[in-house]
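J.: Below is the structure I would like to discuss, written out as structure tokens.
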Amino acid sequence: MGGSCKIVKLLQAIYSCVKSCVRTNTSNNDNSAYVDSFMGVKQGKPLSPFLFICFIIDMYTFIKDSSFDAVNIDDLQLLLLLFADDTVLFSYSKEGLQFQLNQLFTYCSNWGITVNTVNTVVMFF
0 MGGSCKIVKL LQAIYSCVKS CVRTNTSNND NSAYVDSFMG VKQGKPLSPF
50 LFICFIIDMY TFIKDSSFDA VNIDDLQLLL LLFADDTVLF SYSKEGLQFQ
100 LNQLFTYCSN WGITVNTVNT VVMFF
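Residue numbers (numbering that gives the first Met the number 0): 0 to 124.
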């Protein structure tokens, strides 16, 4: 997204050694043992929403740039809707929707992201 190598190296350093624990007693500040965390972003940190937004924009751009079958409603071109970690894809045809799903799979595979296929639904009208 145009960031310098220094910024990328800084982010890699920040996330290279993330440890997490569970607070077990709020009155005594008791915590569980710390465990290494190798996935995701640090919860509650200001950088986390920014990194998530960068990811979402990149995913949208990847799918949009290769899509050929967006749905038009008046002057609005509807390709996908994003809310938090949910994604809705739109297409006029089964083939277009399959192409978008393949693009989403490719994008996620390239970045080591797992899509929960148990909660994935396809609807065709």
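Ideal placement from N, C-alpha and C gives every residue a C-beta, glycine not left out.
Keep in mind that this is a model prediction, so the values were computed, not measured.
Compare the C-beta of N24 against all C-beta atoms of chain C and say whether one is closer than 8 Å.
T.: You won't find chain C in this structure, because it holds only one protein chain.
J.: With DSSP run on the structure shown, which of helix, strand or coil describes V114?
T.: Correct three-state label for V114: coil.
J.: Taking only the alpha-carbon atoms, compute the straight-line gap between I56 and Q97 and give it to the nearest angstrom.
T.: Whole-angstrom Cα-Cα distance: 21 Å.
J.: Could you tell me which residues DSSP puts in a beta bridge with D29?
T.: N24.
J.: Let's see if you can read the secondary structure: which residues bound the beta strand (DSSP E) around S108?
T.: Careful: S108 lies outside any beta strand (DSSP E), inside the alpha helix (DSSP H) at K93 to N109.
J.: Pair every Cβ in the stretch 39-48 with every Cβ in the stretch 77-95, then say whether three or more of these pairs are closer than 8 Å.
T.: Because the criterion of three Cβ pairs below 8 Å is not met, the stretch 39-48 and the stretch 77-95 do not touch.
J.: With K5 as the anchor, note down where its alpha helix (DSSP H) starts and where it stops.
T.: Its alpha helix (DSSP H) spans residues C4 to Y14.
J.: For the beta strand (DSSP E) holding L78, just list the boundary residues, first then last.
T.: Unbroken run through L78: none, as it is neither H nor E.
J.: Classify S90 as helix, strand or coil using the three-state DSSP reduction.
T.: It is coil, neither helix nor strand.
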